[in-house]
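Chemist:
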Amino acid sequence: MELTDEERQIFCEVADTFEVPEGAYNFRVNGKSVGRKSTKNINVVPKEGGRGLDIYIKKGTKNETVHIPVAISVTGLKETVYNDFHIEEDVEATIIAGCGIYNCGPTDSVHDGVHRFYVGKNSKIKYIEKHYGFGQGRGGKILNPTTEVYLEQGATAELEMEQIKGVDSTIRKTSATVEDNAKIFVRERLMTHGRQTAESIYDIELNGKDSVADITSRSVAQDLSKQTFKATIIGNNKCRGHSACDAILMDQAEVHAIPALDAKTKDAELIHEAAIGKIAGDQLTKLMTLGLTKSQAESKIINGFLA
Amino acid sequence: MLKLNKISFTTGGSRKILDSISLKVRSGEFLVITGPNGSGKSTLAQIIIGIKNPTSGQIIYNKTDITNLSITERAKMGIAFSFQQPVKFKGVKVYDLLNVASGAMMEKAEAGKYLEKVGLNPEQYLLREVNDKLSGGELKRIEIATVLARDAKVLIFDEPEAGIDLWSFENLTKVFKKLKAEKKTIIVISHQERILKIADKIVILENGKIEAEGAPEKILSQITGANYGIN
Ligand SMILES: Nc1ncnc2c1ncn2[C@@H]1O[C@H](COP(=O)(O)OP(=O)(O)O)[C@@H](O)[C@H]1O
Ligand SMILES: [Mg+2]
Numbered sequence: 053m054e055l056t057d058e059e060r061q062i063f064c065e066v067a068d069t070f071e072v073p074e075g076a077y078n079f080r081v082n083g084k085s086v087g088r089k090s091t092k093n094i095n096v097v098p099k100e101g102g103r104g105l106d107i108y109i110k111k112g113t114k115n116e117t118v119h120i121p122v123a124i125s126v127t128g129l130k131e132t133v134y135n136d137f138h139i140e141e142d143v144e145a146t147i148i149a150g151c152g153i154y155n156c157g158p159t160d161s162v163h164d165g166v167h168r169f170y171v172g173k174n175s176k177i178k179y180i181e182k183h184y185g186f187g188q189g190r191g192g193k194i195l196n197p198t199t200e201v202y203l204e205q206g207a208t209a210e211l212e213m214e215q216i217k218g219v220d221s222t223i224r225k226t227s228a229t230v231e232d233n234a235k236i237f238v239r240e241r242l243m244t245h246g247r248q249t250a251e252s253i254y255d256i257e258l259n260g261k262d263s264v265a266d267i268t269s270r271s272v273a274q275d276l277s278k279q280t281f282k283a284t285i286i287g288n289n290k291c292r293g294h295s296a297c298d299a300i301l302m303d304q305a306e307v308h309a310i311p312a313l314d315a316k317t318k319d320a321e322l323i324h325e326a327a328i329g330k331i332a333g334d335q336l337t338k339l340m341t342l343g344l345t346k347s348q349a350e351s352k353i354i355n356g357f358l359a
Numbered sequence: 084m085l086k087l088n089k090i091s092f093t094t095g096g097s098r099k100i101l102d103s104i105s106l107k108v109r110s111g112e113f114l115v116i117t118g119p120n121g122s123g124k125s126t127l128a129q130i131i132i133g134i135k136n137p138t139s140g141q142i143i144y145n146k147t148d149i150t151n152l153s154i155t156e157r158a159k160m161g162i163a164f165s166f167q168q169p170v171k172f173k174g175v176k177v178y179d180l181l182n183v184a185s186g187a188m189m190e191k192a193e194a195g196k197y198l199e200k201v202g203l204n205p206e207q208y209l210l211r212e213v214n215d216k217l218s219g220g221e222l223k224r225i226e227i228a229t230v231l232a233r234d235a236k237v238l239i240f241d242e243p244e245a246g247i248d249l250w251s252f253e254n255l256t257k258v259f260k261k262l263k264a265e266k267k268t269i270i271v272i273s274h275q276e277r278i279l280k281i282a283d284k285i286v287i288l289e290n291g292k293i294e295a296e297g298a299p300e301k302i303l304s305q306i307t308g309a310n311y312g313i314n
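Sequence lines, in order, name chains A and B.
Each residue of the first sequence is one higher than the one before, counting from 53 in our numbering.
Each residue of the second sequence is one higher than the one before, counting from 84 in our numbering.
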């Protein structure tokens, strides 16, 4: 693949590689595929007009990986991409997505990524999504991911979603319907600074008997940034749902947490936890007694918190 | 090594917590401070390390007045402190804290040695998060290990026995005996007879004042007469 330095940097940040990975992949740069491969079990099929991908994972596929990172390195590019994952039964696969924007120009660059996962019976997927922005231009680096997960009986989805640096504005929507014995685990890490805004919205429907949802979101809001965390878990059956929003506030930042639990039967066990506050003074003190300065102590605490 | 010169501490509500405390700790000395709850022991330790500032008085360390230095500066000069209430974190691992304490990234085996000293199995604990999933006793041992991992000249321990069962504490006293043999300057706030016995000097603090001061032989007989909660 021929990539600029900025594009390589993006792929390193979001996919840990800028070289051709093992397994199936599609690398997208500025709206076009720059490299694509299917494997025996995983078929990566482009939608018409560069609007995204259909990815088919065959029944019984084990231990395979799909990389589908996206890079935008021009100013003013706005795109909406639909990636649909059709996952048959008894699959175990890891999907590495993620998007980075380098914008050194005057106009906003926007990537709206819609990922839909149709996960067949007893399949297990792990989805890793990292978002990243850099470049000194006036144009914004805007990423709006929508993730929809449909879990059939006994299926499991583990979502790791991270946005640590440089994204000016984001609206993150994650929804799931969870059938009998199916489970969804979400681990979100967010950091905002400057005047950035981030909104993270979850809508989880626990429809099946013994379905499970566990969402843990940790975030750090610095400077004048604003974050909103809205998690709704609906329990329609005997199920267990848990959401936790843990936020560290710094400077003049704001965090709003709006939890909602909706139990439609007495067998639904739903829990929400939210803790918002500044860095604990005793944590700073402890690290300073070990020889760190206040600002070194702050970054140690934040790095640990977001790890 | 360390000299406290008429240290007083008054709270906002103008309650006198410490009342003109003067105290000398010689290099290589093992000093134990004891006394009833609320007598001001922790406050005194926090003043030495810089967590609290005295209302009046000076702290002299190696001939330097450190009264107005920050916690970080005092730490870098070689003063270490083990908290009475261990601090919990989210996401920070035992290994991270030990590395911060030692001032460099250690090999896991090296970091593990500090856990062994306090009776924790490194394989089980090194990569654990220092959070509330650990018991009080486990947190306390980790707290002590972070102080041992520092190459400090003066080590201050605030009630190292708190939260640790007696049987395990028996083992932990070895740590203090070893520090003493290494000629470290040590201040331990404690009610534990085993610690009081290895002291070179004992200070009894009561109502923010030094009630008595001297060698263990002299002070211990005095304490057993009064009720200082010695076990
Ligand atoms: N910042 C403070 N404001 C008000 N009271 C305090 C403050 N710090 C300590 N105290 C009080 O000072 C007294 C001594 O506390 P402390 O030093 O913790 O005693 P000890 O360690 O001997 O048990 C206690 O009565 C405590 O409540
Ligand atoms: Mg105390």
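Don't be surprised by glycine CBs; every beta carbon is placed ideally from N, CA and C.
Counting only beta-carbon separations shorter than 7 Å, does A/Ile253 have a partner in chain B?
Modeler: In the first sequence, counting from the first residue as 1, residue 253 of chain A sits at position 201. Not one chain B Cβ lies under 7 Å of A/Ile253.
Chemist: Tell me the rounded alpha-carbon separation between A/Thr249 and A/Glu65.
Modeler: Translated into the one-based positions of the first sequence, residue 249 of chain A becomes position 197. Translated into the one-based positions of the first sequence, residue 65 of chain A becomes position 13. Approximately 21 Å between the Cα atoms of the pair.
Chemist: Just verifying my parser: in three-state terms, what is the DSSP assignment at B/Phe113?
Modeler: Here residue 113 of chain B refers to the residue found at position 30 when the second sequence is read from its first residue. DSSP places B/Phe113 in strand when its eight states are reduced to three.
Chemist: Measure the alpha-carbon distance for A/Val307 versus A/Arg247 and round it to whole angstroms.
Modeler: Here residue 307 of chain A corresponds to residue number 255 of the first sequence, with the count starting at 1. Here residue 247 of chain A corresponds to residue number 195 of the first sequence, with the count starting at 1. Looking at the two C-alpha atoms, the distance is approximately 13 Å.
Chemist: A/Phe357 versus chain B: which residues are under 7 Å apart at the beta carbon?
Modeler: Residue mapping note: residue 357 of chain A aligns to position 305 of the first sequence, counting from 1. The answer, in chain order, is Lys173, Gly174.
Chemist: Ligand 1 and B/Ser165: does the residue's C-beta get closer than 6 Å to at least one heavy atom of that ligand?
Modeler: Residue numbering aside, residue 165 of chain B sits at position 82 when the second sequence is read from its first letter. False, no ligand heavy atom lies under 6 Å from that Cβ.
Chemist: With a 10 Å radius around its C-beta and 16 neighbouring C-beta atoms as the bar for buried, classify A/Pro158 as buried or exposed.
Modeler: In the first sequence, residue 158 of chain A corresponds to position 106, counting from 1. With fewer than 16 other Cβ atoms within 10 Å, it is exposed.
Chemist: Any residue with its C-beta under 5 Å from a non-hydrogen atom of ligand 1 counts. Can you list them all in chain order?
Modeler: B/Thr94, B/Ile100, B/Asn120, B/Gly121, B/Ser122, B/Gly123, B/Lys124, B/Ser125, B/Thr126
Chemist: For B/Phe164, decide whether its Cβ has a neighbour in chain A, counting only Cβ atoms nearer than 7 Å.
Modeler: The residue you call residue 164 of chain B lines up with position 81 of the second sequence. With 7 Å as the cut-off, B/Phe164 counts as an interface residue toward chain A.
Chemist: For the alpha helix (DSSP H) that contains B/Val183, what are its first and last residues?
Modeler: For the purposes of this step, residue 183 of chain B is taken as residue 100 along the second sequence, with counting starting at 1. 177-185 is the extent of the alpha helix (DSSP H) around B/Val183.
Chemist: Please report the distance separating the alpha-carbon of A/Gly191 from that of A/Asn355.
Modeler: Start at 1 with the first residue of the first sequence, and residue 191 of chain A comes out as number 139. Start at 1 with the first residue of the first sequence, and residue 355 of chain A comes out as number 303. Each residue's Cα considered, the two are about 28 Å apart.
Chemist: Expressed to the nearest angstrom, what Euclidean distance is found between the alpha-carbon atoms of A/Ala234 and A/Gly260?
Modeler: Sequence index remark: in the first sequence, residue 234 of chain A carries index 182 (1-based). Sequence index remark: in the first sequence, residue 260 of chain A carries index 208 (1-based). Rounded to whole angstroms, A/Ala234 to A/Gly260 spans 7 Å at the Cα level.
Chemist: Name the DSSP beta bridge partners of B/Ala192, please?
Modeler: As a first step, residue 192 of chain B is located in the second sequence; it is residue number 109 there, counting from the start. As computed with DSSP, B/Ala192 is found in no beta bridge at all.
Chemist: Whole angstroms is fine: what's the gap from A/Lys110's alpha carbon to A/Thr337's?
Modeler: Mapped onto the first sequence, residue 110 of chain A falls at position 58. Mapped onto the first sequence, residue 337 of chain A falls at position 285. In a straight line, the C-alpha of A/Lys110 is about 54 Å away from that of A/Thr337.
Chemist: Is it a yes or a no for the region 259-271 of chain B touching the region 103-118 of chain B, going by three-plus beta-carbon pairs under 8 Å?
Modeler: yes
Chemist: Give me the DSSP bridge partner(s) of A/Asp220.
Modeler: As a first step, residue 220 of chain A must be located in the first sequence, where it is residue number 168. Per DSSP, none; premise fails for A/Asp220.
Chemist: For B/Ala235 and B/Ile162, what's the separation of their Cα atoms in angstroms?
Modeler: Working through the second sequence from its first residue, we reach residue 235 of chain B at position 152. Working through the second sequence from its first residue, we reach residue 162 of chain B at position 79. Roughly 6 Å between the two C-alpha positions.
Chemist: Name the chain B residues whose beta carbon is nearer than 9 Å to that of A/Ile353?
Modeler: As a first step, residue 353 of chain A is located in the first sequence; it is residue number 301 there, counting from the start. Listed along chain B are Phe172, Lys173, Gly174, Val175, each with a C-beta nearer than 9 Å to that of A/Ile353.
Chemist: From the beta carbon of A/Thr341, is the nearest beta carbon of chain B less than 7 Å away?
Modeler: Along the first sequence, read from residue 1 onward, the residue named residue 341 of chain A stands at position 289. A/Thr341 counts as touching chain B.
Chemist: From B/Val201 to B/Ile104, what distance separates their C-alpha atoms?
Modeler: The residue you call residue 201 of chain B lines up with position 118 of the second sequence. The residue you call residue 104 of chain B lines up with position 21 of the second sequence. B/Val201 and B/Ile104 have their alpha carbons spaced roughly 32 Å apart.
Chemist: Give the secondary structure of A/Cys64 by DSSP, where H, G and I count as helix, E and B as strand, and everything else as coil.
Modeler: Along the first sequence, one-based indexing puts residue 64 of chain A at 12. Reduced to three states, the DSSP call for A/Cys64 is helix.
Chemist: Less than 6 Å between C-beta atoms, sequence neighbours within five positions excluded: which residues of the same chain meet that for A/Asp164?
Modeler: Locating residue 164 of chain A in the first sequence gives position 112, counting from the first residue. Taken in chain order, the residues that qualify are Thr132, Asn196.
Chemist: Kindly list the residues whose CB is nearer than 6 Å to the CB of B/Gln141, restricted to its own chain and excluding five residues on each side of it in sequence; keep chain order.
Modeler: One-based indexing of the second sequence puts residue 141 of chain B at position 58. Close CB contacts of B/Gln141 within its chain, under the 6 Å cut and outside five residues either way in sequence, are with Asn88, Asp148, Thr150 (chain order).
Chemist: Alpha carbon to alpha carbon, how far is A/Asn289 from B/Gly98? Give it in angstroms, no decimals.
Modeler: As a first step, residue 98 of chain B must be located in the second sequence, where it is residue number 15. As a first step, residue 289 of chain A must be located in the first sequence, where it is residue number 237. The question names Gly, yet the displayed sequence has Arg at residue 98 of chain B. For B/Arg98 and A/Asn289, the distance between alpha carbons rounds to 59 Å.
Chemist: Could you give the residue range of the beta strand (DSSP E) that holds A/Pro197?
Modeler: As a first step, residue 197 of chain A must be located in the first sequence, where it is residue number 145. Segment 193-203, the beta strand (DSSP E) holding A/Pro197.
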